[in-house]
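**Student:** The structure is given below, and queries will be raised subsequently.
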């Protein structure tokens with residue numbers, strides 16, 4: 080662990096109450112990165128001072144109850160349609176900051192057209208994709224991002240890509256679209272570190288995600304479409320212990336979905 | 008635009024919407040409704056319509072209607088238009104809009120179905136529009152114009168009702184009312200302002216946040232929500248029924264029809280009246296809320312009804328519900344894009360008049 084990196088304990092201590100969050104405890108499973116993402120998005124909104132002109136579009140999936148957690152205006156969306164709802168709203172109220180939090184099934188299966196066309200038109204909105212390689216809310220079915228051979232309830236013998244097609248790389252896909260401005264893939268899973276004094280945890284990934292999320296909002300406010308794919312775990316449906324699931328994200332998921340900045344049209348990361 | 012115009016129903020509807028201060032239109036082309044977005048695209052940016060701020064062509068019917076949802080959540084006048092196969096694709100969003108209590112307008116220029124059908128006029132979407140084509144207990148406010156004149160004046164009425172009740176509204180045109188060209192005196196339309204401050208999503212500045220949502224996981228909370236919607240629908244049924252009752256005062260036979268079919272039936276009524284028959288026309292203008300009570304009242308004199316539709320019998324079921332068994336209700340329909348001739352309607356009426364009533 081480097082000197083600049085606060086420990087998890089120190090980090091937790093630094094987290095005060097945010098006006099952007101309601102007091103309601105989330106329904107997310109213990110260890111699920113949706114919790115981290117909720118906090119990071121709220122942080123970014125607060126840092127940018129835009130809470131009073133921000134609207135969240137609530138998608139369908141594990142983030143369906145997000146309207147209980149973010150103290151901003153909300154519009155519910157049918158499954159997959161969040162970027163279309165965001166488009167309609169942003170077009171009639173261009174001063175708003177509009178974002179969606181969507182799962183891999185929502186964004187990349189039922190809603191692939193909506194997210195791609197929002198990118199094609201370069202809508203000034205932010206899409207945060209939670210990729211945990213599975214349908215979480217419905218109980219662990221194959222998602223477009225399920226890995227080769229991965230066991231899910233609808234691929235009980237492992238995903239056979241000969242029949243299902245290969246996992247979809249959303250970040251790479253969106254980055255190839257001319258209209259997208261900022262496209263980045265991060266991991267929300269903390270990683271383990273061996274130190275001389277024993278095992279500890281690194282939140283390097285979280286800090287990187289934090290910056291990416293803030294950049295995404297900034298790019299939106301500069302008039303561009305931003306897309307941040309957040310690799311996450313789902314230990315409940317993966318049927319793994321929490322820390323093992325997080326390890327799987329950082330060891331296995333990143334192999335299929337390499338982290339990094341895939342597009343930065345406005346050079347926001349250099350600013 | 009001058010007051011005296013010769014235009015298609017679809018064009019008239021577009022101008023009617025503009026005069027009603029339409030703010031945002033989301034398009035997807037489908038015959039026979041496409042003149043609506045084409046007319047609006049042409050007028051987009053014109054100084055005559057400063058409220059018309061957004062025109063956007065979507066990549067699918069689903070995308071278009073969900074954009075309408077997003078814009079409506081922002082508290083503005085938003086609409087889209089489509090035709091039957093496209094209207095099927097709107098159902099998901101309409102169910103959401105009803106649950107989220109969003110005022111918006113979807114125009115359905117009814118064509119032949121089921122499936123791809125054809126692009127000729129039909130009224131086969133009556134059930135879908137009036138009974139709720141999407142999931143859950145909800146209703147759309149459905150207005151059925153029968154002329155180019157009404158295509159022009161109905162968008163304003165639809166927006167007024169949609170915003171008054173915070174409910175999606177629908178204009179039920181057909182390939183005839185959409186494609187028909189008529190010489191009309193364009194109606195004077197005075198748009199009203201709507202107060203959306205209590206719910207519109209505009210950013211929670213100096214106020215509590217607004218959540219436009221249709222979901223309540225708690226059964227008791229959700230029951231409350233659905234009951235609230237139901238009470239609203241009952242209010243609409245009580246206060247917003249619209250219909251045209253033509254020469255029905257002493258009518259013993261009533262021909263019931265909506266949209267373009269009612270125009271043909273009116274000619275038949277005039278002809279048979281001239282011959283001394285006690286016959287009248289009943290035309291529902293709101294297909295939902297349906298005028299059940301006016302029909303029940305008509306049955307005090309009229310013991311025979313002929314329902315004429317461009318389908319295989321849909322509104323006839325509502326007329327029967329309204330008649331409550333007090334009158335004989337028969338049906339005559341045409342499909343595939345064919346229209347009933349006056350002669351055919353006349354023959355059916357004569358046959359009905361001769362039939363003995365066993366009740």
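Chains as they are written, first to last, in my numbering: chain A, 80 to 350; chain B, 8 to 366. Heads up, the beta-carbon is just placed ideally off N, CA and C, and yes, glycines get one too. Every value quoted in this text rests on a predicted model; they were computed, and no experiment measured them.
(1) Can you tell me which of the three DSSP states residue 141 of chain A falls into?
(2) Which of the three DSSP states is assigned to residue 276 of chain A in this structure?
(3) Which chain A residues sit within Cβ distance under 7 Å of residue 219 of chain B?
(4) What in chain A is Cβ-close to residue 97 of chain B, meaning under 7 Å?
(5) Pick helix, strand or coil for residue 212 of chain B, following the three-state DSSP scheme.
(6) Excluding sequence positions up to five away, which residues of its chain have a Cβ less than 6 Å from the Cβ of residue 100 of chain B?
(7) Note down, in chain order, each residue of its chain lying with its Cβ closer than 7 Å to the Cβ of residue 108 of chain B, except the 5 sequence neighbours on either side.
(8) Between the region 147 to 165 of chain B and the region 333 to 341 of chain A, do three or more beta carbon pairs fall short of 8 Å?
(9) Along chain B, which residues have their Cβ under 8 Å away from the Cβ of residue 184 of chain A?
(10) Against chain B, which members of the region 116 to 139 of chain A pass a CB distance test of less than 8 Å?
(11) Given a threshold of 16 other Cβ atoms within 10 Å of its Cβ, counted over all protein chains shown, does residue 212 of chain B qualify as buried or as exposed?
(12) Taking DSSP's pairing of strands, which residues face residue 337 of chain B in a bridge?
(13) CB-CB under 6 Å to residue 248 of chain A, same chain, minus the five flanking residues each way: which ones, in chain order?
(14) Starting from the beta carbon of residue 194 of chain A, find every residue of chain B whose beta carbon is closer than 9 Å, and list them in chain order.
(15) Going by DSSP in three states, residue 291 of chain B sits in which element: helix, strand or coil?
(16) If you check the beta carbons only, do residue 82 of chain B and residue 218 of chain B fall under 9 Å apart?
(17) DSSP on residue 58 of chain B, reduced to helix/strand/coil?
(18) Using 10 angstroms around the beta-carbon of residue 118 of chain B, count the other beta-carbons present and answer buried if the total reaches 16, otherwise exposed.
(19) If you draw a straight line from the C-alpha of residue 88 of chain B to the C-alpha of residue 244 of chain A, how long is it?
(20) For chain A, check one thing: does any of its Cβ atoms lie closer than 9 Å to the Cβ of residue 5 of chain B?
(21) Of all the CB atoms in chain A, is at least one closer than 9 Å to the CB of residue 216 of chain B?
(22) Using a Cβ-Cβ cutoff of less than 7 Å, which residues in the same chain neighbour residue 159 of chain A once the five nearest sequence positions on both sides are dropped?
(23) Judging by CA-CA distance, which residue of B:121, B:115, B:154, B:122 is the nearest neighbour of residue 137 of chain B?
(24) Check residue 152 of chain A in the structure and name its three-state DSSP category.
(25) With 7 Å as the C-beta to C-beta threshold (strictly closer), list the residues of the region 161 to 188 of chain A near chain B in chain order.
(26) Please classify residue 228 of chain B: is it buried, with 16 or more other beta-carbons within 10 angstroms of its beta-carbon, or exposed?
(27) Could you tell me which chain B residues have their CB closer than 7 Å to the CB of residue 146 of chain A, listed as they occur along the chain?
(28) Along the chain, where does the alpha helix (DSSP H) containing residue 146 of chain B start, and where does it finish?
(29) For a contact defined as C-beta to C-beta under 8 Å, what are the partners of residue 143 of chain A on chain B?
(30) Let me check understanding here. Comparing Cα to Cα, which of A:139, A:144, A:147, A:183 lies closest to residue 164 of chain A?
(31) Going by C-alpha distance, which of A:148, A:268, A:197 is nearest residue 98 of chain A?
(32) Please confirm if residue 63 of chain B has its CB atom under 9 Å from at least one CB of chain A.
(33) Assuming residue 300 of chain A and residue 345 of chain A make a contact with CB atoms under 8 Å, what is their CB distance in whole Å?
(34) If we count the other Cβ atoms within 10 Å of its Cβ and call it buried at 16 or more, is residue 144 of chain B buried or exposed?
(35) Only counting the same chain, and skipping five residues up and downstream in sequence, which positions put a Cβ closer than 7 Å to that of residue 28 of chain B?
(36) Would you list the residues sitting across from residue 136 of chain A in a DSSP beta bridge?
**Tutor:** Per the coordinate set shown:
(1) Translated into the one-based positions of the first chain, residue 141 of chain A becomes position 62. Residue 141 of chain A falls in the helix class under three-state DSSP.
(2) Counting from 1 along the first chain, the entry for residue 276 of chain A is found at position 197. Coil.
(3) Within the second chain, the letter at position 212 stands for residue 219 of chain B. Simply 153, 154, 155.
(4) Here residue 97 of chain B refers to the residue found at position 90 of the second chain. The contacting residues do not exist; residue 97 of chain B stays about 11 Å from chain A at best.
(5) Here residue 212 of chain B is taken as the residue at index 205 of the second chain, counted from 1. Of the three classes helix, strand and coil, the one that applies to residue 212 of chain B here is coil, per DSSP.
(6) Within the second chain, the letter at position 93 stands for residue 100 of chain B. Around residue 100 of chain B: 72, 73, 76.
(7) Position 101 of the second chain, counted from the first residue, corresponds to residue 108 of chain B. 173, 174, listed in sequence order.
(8) Segments in contact, no.
(9) Within the first chain, residue 184 of chain A is the residue found at index 105, counting from 1. In chain order: nothing, as chain B lies at least about 16 Å away.
(10) 130, 131, 132, 133, 134, 136, 137
(11) In the second chain, the residue the question calls residue 212 of chain B occupies position 205. So residue 212 of chain B counts as exposed.
(12) Indexing the second chain from 1 puts residue 337 of chain B at position 330. Answer by DSSP bridge pairing, in chain order: B:313.
(13) As a working note, residue 248 of chain A is residue 169 in the first chain. When the five nearest sequence neighbours on each side are left out, no beta carbon in the same chain lies closer than 6 Å to the beta carbon of residue 248 of chain A.
(14) On the first chain, position 115 is the one that residue 194 of chain A refers to. None at all; the shortest Cβ gap to chain B is about 11 Å.
(15) Numbered from its first residue, the second chain carries residue 291 of chain B at position 284. Three-state result, residue 291 of chain B: strand.
(16) The residue given as residue 82 of chain B occupies position 75 in the second chain. The residue given as residue 218 of chain B occupies position 211 in the second chain. No.
(17) In the second chain, the residue the question calls residue 58 of chain B occupies position 51. Judged by DSSP in its simplified three-state form, residue 58 of chain B adopts coil rather than helix or strand.
(18) Start at 1 with the first residue of the second chain, and residue 118 of chain B comes out as number 111. By the beta-carbon neighbour count (other beta carbons within 10 angstroms, threshold 16), residue 118 of chain B is buried.
(19) Position 81 of the second chain holds residue 88 of chain B. Position 165 of the first chain holds residue 244 of chain A. Residue 88 of chain B and residue 244 of chain A have their alpha carbons spaced roughly 36 Å apart.
(20) Chain B is shown only over 8 to 366; residue 5 of chain B falls outside these bounds and no answer can be derived.
(21) Mapped onto the second chain, residue 216 of chain B falls at position 209. Yes, because at least one Cβ of chain A sits closer than 9 Å to the Cβ of residue 216 of chain B.
(22) Numbered from its first residue, the first chain carries residue 159 of chain A at position 80. If we look at residue 159 of chain A and ignore the five residues flanking it on each side, its Cβ neighbours are 185, 189, 190, 193.
(23) Position 130 of the second chain holds residue 137 of chain B. The option with the nearest alpha carbon to residue 137 of chain B is B:115.
(24) If you number the first chain from 1, residue 152 of chain A lands on position 73. Three-state result, residue 152 of chain A: strand.
(25) 163, 164, 165, 166, 167, 168, 170, 171, 172, 175
(26) Taking the first residue of the second chain as 1, we reach residue 228 of chain B at position 221. Exposed.
(27) The sequence position of residue 146 of chain A within the first chain is 67, counting from 1. By Cβ distance, chain B contributes 218, 220.
(28) Locating residue 146 of chain B in the second chain gives position 139, counting from the first residue. Where residue 146 of chain B is concerned, there is no enclosing alpha helix (DSSP H), given that its DSSP letter is neither H nor E.
(29) As a first step, residue 143 of chain A is located in the first chain; it is residue number 64 there, counting from the start. In chain order: 222.
(30) The residue you call residue 164 of chain A lines up with position 85 of the first chain. Selected option, being the one with the closest Cα: A:139.
(31) Taking the first chain and counting its residues from 1, one reaches residue 98 of chain A at position 19. Answer by Cα proximity: A:148.
(32) Here the question's residue 63 of chain B lines up with position 56 in the second chain. Yes, residue 63 of chain B lies at the interface with chain A (some Cβ there is under 9 Å from its Cβ).
(33) Within the first chain, the letter at position 221 stands for residue 300 of chain A. Within the first chain, the letter at position 266 stands for residue 345 of chain A. Contact doesn't hold; Cβ gap of about 10 Å is too wide.
(34) Here residue 144 of chain B corresponds to residue number 137 of the second chain, with the count starting at 1. Per the 10 Å Cβ criterion, exposed.
(35) Numbered from 1 along the second chain, position 21 holds the residue referred to as residue 28 of chain B. Excluding residues within five positions, the ones whose Cβ falls inside 7 Å are 58, 84, 198.
(36) What you label residue 136 of chain A is simply residue 57 of the first chain in a count that begins at 1. DSSP output for residue 136 of chain A lists A:154, A:179 as bridge partner(s).
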